[in-house]
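*Asks:* The structure follows.
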Amino acid sequence: MTRRFAYDPAREPAAPVLPLGVAPPLSNATVLLRGLVDSGADCTVVPVAIVRQLELPVVGRVEVAGVMGAARRMPVYAAAAELPGLRTIVRILAMGTEAIIGRDLLNRMVARLDGPAAAVSVERPPRRRR
Numbered sequence: 086m087t088r089r090f091a092y093d094p095a096r097e098p099a100a101p102v103l104p105l106g107v108a109p110p111l112s113n114a115t116v117l118l119r120g121l122v123d124s125g126a127d128c129t130v131v132p133v134a135i136v137r138q139l140e141l142p143v144v145g146r147v148e149v150a151g152v153m154g155a156a157r158r159m160p161v162y163a164a165a166a167e168l169p170g171l172r173t174i175v176r177i178l179a180m181g182t183e184a185i186i187g188r189d190l191l192n193r194m195v196a197r198l199d200g201p202a203a204a205v206s207v208e209r210p211p212r213r214r215r
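Under the numbering used here, the residues of the sequence shown are numbered 86 to 215, in order.
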């Protein structure tokens, strides 16, 4: 089933956002956020305050380079992430105050950006038979 969501008009230019639920891996204590769809981001990022609130477990460290090129080692957290039609366990980063939905989640669904209509559509692809 395809679900359609309006871009966030408060951004300049307007940008695709999706509802994003985040919870500890084995919990239903979900915090609901609006995440910016960013196909250039390798992984999903959640605000530091949410990671602390949910007490997400650290599962490793990774070298992260921002758009300015400066790299630093950061902790990686395990979380249950929920997008429309998808709930899965992922490794996330904690940074800043904004949620960013990266390719680690986007690659599990079909996402279509319709810039002229200022809307993003998402659907879970059909399961492949083995």
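Even for Gly, the Cβ is constructed at its ideal location relative to N, Cα and C.
Please classify G154: is it buried, with 16 or more other beta-carbons within 10 angstroms of its beta-carbon, or exposed?
*Replies:* exposed
*Asks:* Distance, Cα to Cα, P110 vs L168?
*Replies:* 15 Å
*Asks:* Mind checking T129: buried by the 16 CB within 10 Å criterion, or exposed?
*Replies:* buried
*Asks:* Starting from L190, trace the alpha helix (DSSP H) both ways and give me its first and last residue.
*Replies:* R188 to L191
*Asks:* State the DSSP-derived secondary structure class of V152, mapped to helix, strand or coil.
*Replies:* Three-state result, V152: coil.
*Asks:* Can you find the residues in the same chain that come closer than 6 Å, C-beta to C-beta, to V195, ignoring five residues on each side of it along the sequence?
*Replies:* Excluding sequence neighbours, V195 sits near E208 and P210.
*Asks:* Give me the Cβ distance between D93 and I186, rounded to the nearest whole Å; I'm assuming they're in contact under 8 Å.
*Replies:* That belief does not hold up - the Cβ atoms of D93 and I186 are roughly 13 Å apart, past 8 Å.
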